[in-house]
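Presented below is the structure to which this report refers.
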Amino acid sequence: RTFPVIDGERYSVPGDYATVEADGTLRLLGRGSVCINTGGEKVYPEEVEEALKEHAAVRDAVVVGVPDERFGEVIVAWVEPAASEGEVDEDDVIAHVKTRLASYKAPRRVLTTETIGRSPAGKVDYSRLRKEAEQRIGA
Numbered sequence: 001r002t003f004p005v006i007d008g009e010r011y012s013v014p015g016d017y018a019t020v021e022a023d024g025t026l027r028l029l030g031r032g033s034v035c036i037n038t039g040g041e042k043v044y045p046e047e048v049e050e051a052l053k054e055h056a057a058v059r060d061a062v063v064v065g066v067p068d069e070r071f072g073e074v075i076v077a078w079v080e081p082a083a084s085e086g087e088v089d090e091d092d093v094i095a096h097v098k099t100r101l102a103s104y105k106a107p108r109r110v111l112t113t114e115t116i117g118r119s120p121a122g123k124v125d126y127s128r129l130r131k132e133a134e135q136r137i138g139a
């Protein structure tokens, strides 16, 4: 149901998750449909993607969950290198994310690509990138 009625008021349920900060601001976490469950912890890709994009060597980033026997899913990042930075150091990028987020939110692997391949509207095909990550790392 997209528009449930509660106490006579019609509400929209977009599928986004957010928290209300102490100062009352709303912090968008991400879409529930792309949430990654790793070791029982929920990780919203958008949060990790923002941390990745703060790294000087990363121009764009997308995070997907790939199957893992031990954790259910592990986080894998696709990054587009910043033109001026050349190669992306996987260990450095992972360490960078750990300085900004809890360790369990850091990617286990960082894969590079020439382009993420966003739609004209800027949308990401998470399903395609998840399949490509599985093939690349042999998951």
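In terms of our numbering, the sequence shown has 108 at position 108, counting the first letter as 1, and numbering is strictly consecutive. Ideal placement from N, C-alpha and C gives every residue a C-beta, glycine not left out.
In the DSSP assignment, Pro-67 is bridged to Glu-73.
With fewer than 16 other Cβ atoms inside 10 Å of its own Cβ, Glu-114 counts as exposed.
Under the three-pair Cβ rule at 8 Å, the region 37-44 counts as touching the region 60-74. Membership of Ile-137 in the alpha helix (DSSP H) is indicated by the continuous run 126-137. Ranking Val-76, Gly-122, Glu-47 and Tyr-104 by CA distance to the CA of Glu-132 puts Val-76 first. For the set Arg-27, Arg-130, Pro-120 and Lys-98, the Cα lying nearest the Cα of Ala-51 is the one of Lys-98.
In the three-state DSSP reduction, Glu-9 falls in the strand class (E or B).
For Ala-61, the secondary structure class from DSSP, reduced to helix, strand or coil, is strand. Under the rule that a run must span 4 or more residues, the alpha helix (DSSP H) segments found entirely inside the region 84-118 read 90-100.
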